[in-house]
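Trainee:
In the numbering used here, the protein residues as written are 19 to 254.
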């Protein structure tokens, strides 16, 4: 598989609807998501639709984080974006943390060790802070990353709701805190109250280009009814 010539080649883990990765693309500019890992069928269907519309990069989809081979991407991707499940850490849940079977940090950490990206970007709920300082931050530091974290509310960028989230930036061999800058006027919320999502002012660029049919690994069907063989997303 040809991953292209963009400056930043990105793996997206626990992608959901693709919003986190989309934000990273907007921040970086010259970037391309080359593979997506997502388990939920409804999210996969939405991802494929957005790929076909050109809103997201066309990329293969792997459906099981536990079987994803991060090592096959070593030296081929510069960054990893992840939105691991928040239920183990959410105040609305049972707060089981590491004892919750949905806790995917251990698997994510293994993939980082295997893939060795230059940077890693993680989003989660504020309830993960204790787990973060106890486990995630020390493990990232042990891998050689400089780590910075920030709590941001949607209201801070002009949205009509609070929705506080923790963002973690880990950068190999440098101070990750250098990555945080103040919001500029052009980066603030452009939607009206009640909108599902704000829109950043258009740059005139189409966010993604379709080059091949979106593929879903592990034999799952996507919204277009296409079937792909297991292992599609592995770098060859």
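Every residue, glycine too, gets a C-beta built ideally from N, C-alpha and C. Computed from a prediction, not measured in an experiment: that's the story for all the values here.
For residue 126, report the span of its beta strand (DSSP E) as first-last.
Mentor: No beta strand (DSSP E) contains residue 126, which is instead part of the alpha helix (DSSP H) from 123 to 133.
Trainee: Applying the criterion that 16 or more other CB atoms from any shown protein chain within 10 Å of the CB defines a buried residue, is residue 84 buried or exposed?
Mentor: By the neighbour-count rule (16 or more Cβ atoms within 10 Å), residue 84 is not buried but exposed.
Trainee: Return helix, strand or coil for residue 180, following the three-state DSSP convention.
Mentor: Residue 180 falls in the coil class under three-state DSSP.
Trainee: Is there contact between the segment 89 to 101 and the segment 121 to 139, where contact requires at least three CB pairs shorter than 8 Å?
Mentor: Touching, yes, given that three or more Cβ pairs across the two stretches are closer than 8 Å.
Trainee: Under three-state DSSP, which class holds residue 50?
Mentor: Three-state result, residue 50: strand.
Trainee: Who are the near neighbours of residue 131 in its chain, counting only those whose CB is closer than 7 Å to its CB and skipping five residues on each side?
Mentor: Around residue 131: 161.
Trainee: By DSSP's criteria, residue 55 is part of a beta bridge. Which residues make up the other side?
Mentor: The partner list for residue 55 (beta bridge, DSSP) reads 31, 80.
Trainee: Does any C-beta atom of chain D lie closer than 9 Å to the C-beta of residue 186?
Mentor: Of the protein chains in this structure there is only one, and it is not chain D.
Trainee: In angstroms, rounded to a whole number, what distance separates the CA positions of residue 101 and residue 35?
Mentor: So the alpha carbons of these two residues sit roughly 10 Å apart.
Trainee: May I ask you to report which of helix, strand or coil DSSP gives residue 25?
Mentor: The answer is coil: DSSP assigns residue 25 none of H, G, I, E or B.
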